[in-house]
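Participant: Can you keep this structure in mind? I'll have questions shortly.
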Amino acid sequence: LFLELFFPPLFPGKRLQEWICVILCTCLVMVNSFFLMQHFSMDHMFKLIVAIFAGILTADFASGLVHWGADTWGSVDIPVIGKAFLRPFREHHIDPTAITRHDLIETNGDNCMFTIFPLAYLTCMFTTNAPGKSYPWACYVFSLAIAVTLTNQIHKWSHTYFGLPRWVIILQDLHVILPRKHHRIHHVSPHETYFCITTGWLNYPLARLGFWQKTEYLIENLTGHKPRTDDMQWARKTE
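Residue 6 is where the sequence shown starts when you use the numbering used here, and the numbers rise one by one after that.
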């Protein structure tokens, strides 16, 4: 969804872009996995666990921030951005299961493009210098990149009710990744909460804090724009 801003669906090279990004991202993940295992030490264990957890939390918050921004603000009538970037989010509220009809490449291609850059950075870091004290940082960046890469796939699984592999269902039931029942809360109109779609771990605490509502209140008072106005109007047009 996210990179359709830069690569609209009708762009001739969109499918090629998705394939290239998935292949390149996969190669970089394998290369960096090798480097991380090569430099692993039990001395890093505690920091490694913290770094992995922090990377996943960062990805979850980032997914929520982007999701909230696209759901809440802007209009599908805005040139380029509206149709290419915002409309898919509006359509997702009308037909949540459409994402389940996307194949592996279409589902993950755009997110892979995002994570190529931090993964390439890690490869450069490992090939130019021994990580040393920066090893936990490398683990954090790698964990963040992996979680972002998988976000759309995890989101797709949260809308898939038939034919999921058993191990995916187990991860959902344990809330290691975004559970299906958990994500349904977001899809109750007016779609104003539970925006995080990587693991969903941050949804409850952010809802308890009223984080999104307070941020919307601040933006509305500063700009005069009401949240989700376009989302509700566009939904009525499609009824």
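Positions of the beta carbon are idealized from the N, C-alpha and C atoms, including for glycine.
1) With distances taken Cα to Cα, identify the nearest neighbour of histidine 191 among Trp172, Asp178, Ala212.
2) Tell whether a beta-carbon distance below 9 Å holds between glycine 205 and aspartate 65.
3) Is histidine 160 helix, strand or coil when you go by DSSP?
4) Is the region 120-127 close to the region 23-40, with three or more CB pairs under 8 Å?
5) Taking contact to mean at least 3 C-beta pairs separated by less than 8 Å, is the region 143-152 in contact with the region 39-59?
6) Note the first and the last residue of the continuous alpha helix (DSSP H) segment covering glutamate 111.
7) Kindly indicate which residue of Gly18, Gly69, Gln43 has the alpha-carbon position closest to the one of proline 210.
8) Is the number of C-beta pairs between the region 104-120 and the region 21-33 that are closer than 8 Å three or more?
9) Taking the runs of the beta strand (DSSP E) that are 3 residues or longer, which of them lie wholly in the region 37-85?
10) Counting only the same chain and skipping the five closest in sequence on each side, list residues whose C-beta sits under 8 Å from that of histidine 196.
Facilitator: To lay it out plainly:
1) Ranked by Cα distance from histidine 191, the first of Trp172, Asp178, Ala212 is Ala212.
2) For glycine 205 and aspartate 65, yes; Cβs fall inside 9 Å.
3) Three-state result, histidine 160: helix.
4) Judged by pairs of C-beta atoms under 8 Å, the region 120-127 touches the region 23-40, as three or more such pairs exist.
5) The region 143-152 makes contact with the region 39-59: 3 or more CB pairs, one atom from each, lie closer than 8 Å.
6) In the DSSP assignment, glutamate 111 falls within the unbroken alpha helix (DSSP H) covering 109-133.
7) Its Cα nearest to that of proline 210, the residue Gly69 stands out among Gly18, Gly69, Gln43.
8) Yes: the two stretches touch, three or more of their Cβ pairs being nearer than 8 Å.
9) If we require 3 residues or more, the region 37-85 turns out to have no beta strand (DSSP E) run fully inside it.
10) Within the same chain, Cβ atoms closer than 8 Å to the Cβ of histidine 196 are found at Asp76, His98, Arg233, Asp236, the five residues on either side in sequence being excluded.
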